[in-house]
Amino acid sequence: MQSSCRSMAAAGHGLFPPPPCPSIFSKPRHCYSPSRSTCSPRRSPIIIRSSSTESSSSSSSSSSTTTATGTRTSISSSSSMKLTYLEFNGWIWELQNGFRILVDPILVGNLDFGVPWLFDGAKKSLTAADSSGIIRDPKVDLLLITQSLDDHCHLRTLKELSAMAPGLPVVTTPNAQPIVSKLPFKQVTYLEPGQCTTVDGGGVTVLATAGPVLGPPWQRPENGYIVTPSGSGNNNSIYYEPHCVYDAAFLRDRGLRADVLITPVVKQLLPANFTLVSGQEDAVELARLLRPAYVVPMSNGEFDAKGLLTAVITTQGTPLAFKALLSQALPQAQVMEPTPGVPLHLQFDNTSSSVLAAD
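This note's numbering puts the sequence shown at residues 21 to 379.
Below is the structure:
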């Protein structure tokens, strides 16, 4: 089943969709060029309003007023998305249409890259019981993986997820294929930067963008993503790349935008000033490119860790310093800091109007 990009069948919601069709590995098409975008994220006009209370996935209302020349009908609709930070690089996103996405999860054991003597990281806030509940959540519609390393493509977590829900659709980088292809997942889409896919049955479009190069300069970059709900109505999009490393020309030349920007804002550095995770002014420049309504900082450098590597990792900048920089560059953007395990509700108001002829 195909659309203007690529579709993979995921009928219904939940971790246990029916068996996939046999053609799920057909190559995705390049959906973006500087002159034409066949599935570019569309932004509705937004009046920014934050929500601190529980709300439904979407709601809408309309009103009309009579003018001297006719009736002006103003159609306003409000919707919300819910973002839950799982520490490290992990998230659960619930979009306006109820579609739920599990991102870069670490839910089984610690993060140690297979060499715990070098690095062994544990979450500060979420417990093993919290993680166990998440991994058994029956209402996840897509697994999204940005990179091939263990802090994004966590093998112990993926082994358990794939055993419990082999039919769960997965979108990831081709760099992760040596890991993911050995697991029981039956619906896997590998996206190169510039390719996109649509996930049917729930309705999202996922565009891969260029992330960091983890190796020699000629190696394929890892992925960032712009995720947009499909269908008519509110379709506010999310941009996510967990190292704050991006191809500015790729984003600028295609005129890409996102309503929500999730990014690190504090830099993590190795000796010789080698940037492990960027942030600060680079995060501000990313916001200038994407023009989001909301910026959601992620604290993927905050964890309890031991091992030799922890002694040489340093940080640069603070969330407060980032806010000050952003307020000068993009004063209309709101910074919303998540609390691990607590849903963060982002509210959007979209208004359009038209004038009808008088009777």
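We put the beta carbon where it would ideally sit given N, CA and C, even for glycine. Computed from a predicted model, the values in this text were never measured in an experiment.
Proximity to residue i [Cα-Cα], best of the options
{"i": "LEU115", "options": "GLU322, VAL226, SER257", "result": "SER257"}
{"i": "ASP369", "options": "ASN195, LYS343, THR192, ASP279", "result": "ASP279"}
{"i": "TYR259", "options": "GLN367, PHE323, PHE108, VAL316", "result": "VAL316"}
{"i": "ARG240", "options": "THR229, VAL190, GLY134", "result": "THR229"}
{"i": "VAL297", "options": "LYS102, ASN109, THR193", "result": "ASN109"}
{"i": "THR283", "options": "PRO291, LEU276, ALA331, TYR266", "result": "TYR266"}
{"i": "ASP124", "options": "SER152, VAL160, VAL135, ASP171", "result": "ASP171"}
{"i": "PRO213", "options": "LEU181, LEU203, PRO204, GLU261", "result": "GLU261"}
{"i": "THR330", "options": "ALA196, LEU306, PRO291, GLN348", "result": "PRO291"}
Beta-carbon gap between residue i and residue j smaller than 8 Å
{"i": "THR412", "j": "THR218", "result": "Examination of residue 412 is not possible in this model, given that the chain is present from 21 through 379 alone."}
{"i": "LEU366", "j": "MET356", "result": "yes"}
{"i": "GLY187", "j": "GLN167", "result": "no"}
{"i": "LEU289", "j": "GLN336", "result": "yes"}
{"i": "LEU211", "j": "PRO189", "result": "no"}
{"i": "LEU164", "j": "TYR105", "result": "no"}
{"i": "ALA268", "j": "PHE139", "result": "no"}
{"i": "GLY231", "j": "ASN243", "result": "yes"}
Classification of residue i by the beta-carbon crowding that lies within 10 angstroms, buried from 16 upward
{"i": "ALA183", "result": "exposed"}
{"i": "LEU271", "result": "buried"}
{"i": "TRP137", "result": "exposed"}
{"i": "TRP111", "result": "buried"}
{"i": "THR338", "result": "exposed"}
{"i": "VAL191", "result": "buried"}
{"i": "LEU364", "result": "buried"}
{"i": "TRP238", "result": "exposed"}
{"i": "PHE294", "result": "exposed"}
{"i": "LEU328", "result": "exposed"}
{"i": "VAL135", "result": "exposed"}
{"i": "SER151", "result": "buried"}
{"i": "PRO204", "result": "exposed"}
{"i": "SER84", "result": "Reliability of the predicted coordinates at SER84 is poor, the pLDDT of 39 falling under 50, and no value is obtained from them."}
{"i": "THR334", "result": "exposed"}
{"i": "GLN348", "result": "exposed"}
{"i": "THR147", "result": "exposed"}
Nonlocal neighbours in the same chain, by C-beta distance under 7 Å from residue i, ignoring five residues either side
{"i": "THR248", "result": "PRO61, VAL224, THR225, ASN255, SER257"}
{"i": "ASP18", "result": "Shown here, the chain extends from 21 to 379; a query on residue 18 therefore has no answer."}
Neighbourhood of residue i by C-beta distance below 6 Å, restricted to the same chain and skipping five residues each side
{"i": "SER99", "result": "SER78, GLN116, ASN254, PHE368"}
{"i": "LEU345", "result": "VAL304"}
{"i": "VAL233", "result": "GLN239, PRO241"}
Contacts around residue i, its chain only, beta-carbon distance under 8 Å, and the 5 residues preceding and following it disregarded
{"i": "ARG156", "result": "MET184"}
{"i": "PHE323", "result": "GLU107, PHE108, LEU131, GLY141, ALA142, LYS143, LYS144"}
{"i": "ILE199", "result": "SER168, CYS173, LEU175, LEU178"}
{"i": "GLU180", "result": "LEU127, VAL128, ILE155"}
{"i": "ALA133", "result": "Here residue 133 is Phe; the residue named in the question, Ala, does not match the sequence. PHE139, LEU169, ASP170, ASP171, listed in sequence order."}
Are the region 354-361 and the region 140-160 touching, with three or more C-beta to C-beta distances below 8 Å?
Judged by Cβ distances under 8 Å, the region 354-361 makes contact with the region 140-160, as three or more pairs qualify.
Three Cβ pairs or more, each shorter than 8 Å: is that satisfied between the region 119-133 and the region 301-316?
Using a C-beta cut-off of 8 Å, the region 119-133 makes no contact with the region 301-316, since fewer than three inter-stretch Cβ pairs fall below that distance.
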